[in-house]
Amino acid sequence: MRSKDLLSITDLESHEIRLLLSDAAAMKAEGWQTTLSGKTLALLFEKPSLRTRVSFELAMKQLGGQAIYLSPAEVGLGKRESIADVARVLSRYVDALAVRTFAQSSLEELARRAEVPVINALSDAEHPCQALADLLTIYEHKGDYPGLKLVYIGDGNNVAVSLALAALSVGLSFTIAAPRGYELPAEVMRQAQALAVENDCVFDAMTNPEAAARGADIIYTDVWVSMGQEADAEARLKDFAGYQVNEQLVTLAKSDAIIMHPLPAHYGLEVAEGLLDIPQSVVFDQAENRLHVQKALLADMLGGLLLPWPM
Ligand code: CP
Ligand code: NVA
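With my numbering applied, the sequence shown closes on residue 334, and no number is skipped along the way.
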């Protein structure tokens with residue numbers, strides 16, 4: 024790893040992603056050691072969470088350490104106290120920070136000022152821990168990545184960015200169908216194209232969900248209104264009409280395609296009522312795998328007993 028932090032999925036090189044996933048799979052299958060005894064992780068959250076909070080807290084506990092959760096109301100990041108001071112104070116108490124913020128720039132400033140590693144637990148720009156759990160889930164259901172087609176339908180948001188860059192890093196082809204105005208950011212498109220060339224797979228971006236879904240091995244969607252975008256909800260719901268992942272769309276994919284969603288889901292909007300209950304849906308495996316990949320990540324970043332983590 025090139026830096027002490029995990030702020031973007033691109034902080035991990037392709038071989039590091041694979042090593043982390045194999046550590047996570049091994050921990051899931053065979054168990055783990057309590058290598059983080061005496062270590063503390065602070066969870067600094069500006070937005071709500073179910074999966075990320077519970078899986079990080081549990082990961083620390085299972086590894087012998089502990090976690091301290093700081094809720095949106097308590098933090099006042101940059102309001103009650105400057106980001107730099109929060110970073111410097113917490114660095115005197117804890118061994119790492121997992122941070123859920125609005126602006127990626129807040130996360131970057133925290134990481135710059137903190138003496139301890141900072142992990143992106145979701146920002147407006149990325150959700151790297153989700154992408155790692157998603158790759159582990161795909162591996163479990165499909166065996167490997169090369170030759171597979173992952174199709175993301177919907178908003179080119181934080182989840183889509185990390186997923187696209189993670190997938191293409193391990194040779195998994197990625198197609199996004201997003202309405203105009205909701206595409207992946209231009210810089211991410213450039214990175215995605217470069218990764219596709221480097222890893223001998225395909226990156227494609229289009230507006231037509233049916234064209235994208237044809238031949239998919241994996242169909243993935245996420246909410247149309249992310250946390251912090253509530254004021255634009257009405258316009259977004261209108262703009263995303265026609266982008267619902269439903270039975271009709273899934274019929275265009277391969278017959279053994281799996282359906283993915285990071286959750287929370289909005290049934291009747293981005294995903295049809297009942298679709299996540301069919302056997303092809305692996306959404307609860309994804310949720311479970313958050314725990315396993317974060318355990319591998321923490322053991323690696325804080326314990327150094329698995330793969331080496333150059334800092
Ligand atoms: N998928 C995910 O990050 O869920 P939470 O927002 O509940 O943590
Ligand atoms: N894109 C969603 C993901 C939630 C896990 C959001 O940011 O709200």
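Every residue, glycine too, gets a C-beta built ideally from N, C-alpha and C.
By DSSP's criteria, residue i is part of a beta bridge. Which residues make up the other side?
i, result
"threonine 244", "Ile176"
"threonine 63", "Gln89"
"glutamate 104", "Leu100"
"methionine 229", "Ala200"
"valine 268", "Val294"
"isoleucine 282", "Ile242, Ser304"
"asparagine 143", "Val122"
"phenylalanine 68", "Arg123"
"leucine 29", "Ile142"
Since I believe residue j is in contact with residue i (beta carbons under 8 angstroms), could you give me their beta-carbon distance rounded to a whole number of angstroms?
i, j, result
"alanine 201", "threonine 230", "7 angstroms"
"leucine 155", "leucine 86", "17 angstroms between Cβ atoms; not a contact."
"alanine 90", "leucine 64", "5 angstroms"
"leucine 191", "arginine 237", "Rounded, the Cβ-Cβ distance is 20 angstroms, inconsistent with contact."
"methionine 83", "leucine 59", "6 angstroms"
"valine 193", "arginine 41", "6 angstroms"
"glycine 101", "serine 129", "6 angstroms"
"isoleucine 176", "alanine 235", "7 angstroms"
"proline 232", "tyrosine 266", "6 angstroms"
"aspartate 262", "glycine 170", "Contact doesn't hold; Cβ gap of about 33 angstroms is too wide."
"aspartate 323", "aspartate 46", "7 angstroms"
Restricting to Cα atoms, I'd like to know which of the options is closest to residue i.
i, options, result
"lysine 51", "Glu311, Leu275, Met324", "Glu311"
"phenylalanine 197", "Ser185, Arg203, Gly204, Ala49", "Ser185"
"leucine 158", "Tyr243, Asp323, Arg259, Val268", "Tyr243"
"leucine 325", "Pro140, Leu35, Phe79, Val98", "Pro140"
"glutamate 293", "Leu314, Ser278, Phe226, Asn269", "Asn269"
"isoleucine 161", "Glu132, Phe307, Ile301", "Phe307"
"isoleucine 199", "Asn180, Ala47, Val305, Ala228", "Ala228"
"threonine 206", "Gln216, Ala219, Asn180, His164", "The question names threonine, but residue 206 in the sequence shown is glutamate. The shortest Cα separation from glutamate 206 among Gln216, Ala219, Asn180, His164 belongs to Asn180."
"glutamine 309", "Ser128, Gln127, His164", "His164"
"aspartate 147", "Pro208, Glu138, Ala189", "Pro208"
"leucine 188", "Glu210, Gly170, Gly177", "Glu210"
"tyrosine 290", "Phe263, Val246, Gly251", "Val246"
"glutamine 252", "Gly61, Ala126, Asn222, Ala107", "Ala126"
"valine 182", "Leu171, Gly204, Arg213, Asn143", "Asn143"
"leucine 66", "Asp46, Glu221, Arg123, Met250", "Arg123"
"serine 94", "Thr75, Arg136, Ala107", "Thr75"
"leucine 29", "Lys172, Leu173, Ala137, Cys224", "Ala137"
"phenylalanine 79", "Leu145, Arg111, Leu299, Val109", "Leu145"
"alanine 295", "Lys172, Gln271, Pro285", "Gln271"
"glycine 166", "Glu131, Met212, Arg213, Asp240", "Asp240"
"histidine 284", "Val174, Ala264, Glu221, Ala219", "Val174"
"arginine 111", "Arg103, Ala134, Tyr92", "Ala134"
"methionine 250", "Gly61, Asp178, Ala48", "Asp178"
Please list, in chain order, all residues with a C-beta atom less than 5 angstroms from at least one heavy atom of the ligand CP. Ser72, Leu73, Arg74, Thr75, Pro285
Say whether the stretch 49-60 touches the stretch 307-326, bearing in mind that this needs 3 or more beta-carbon pairs closer than 8 angstroms, one atom from each stretch. yes
Below 8 angstroms, can you find three or more Cβ-Cβ pairs linking the stretch 110-117 to the stretch 68-76? no
Assess, as a yes-or-no matter, whether the stretch 25-41 is touched by the stretch 141-155 under the definition of 3 or more beta carbon pairs within less than 8 angstroms. yes
Three or more C-beta pairs closer than 8 angstroms, one from the stretch 275-290 and one from the stretch 257-266: is that the case here? no
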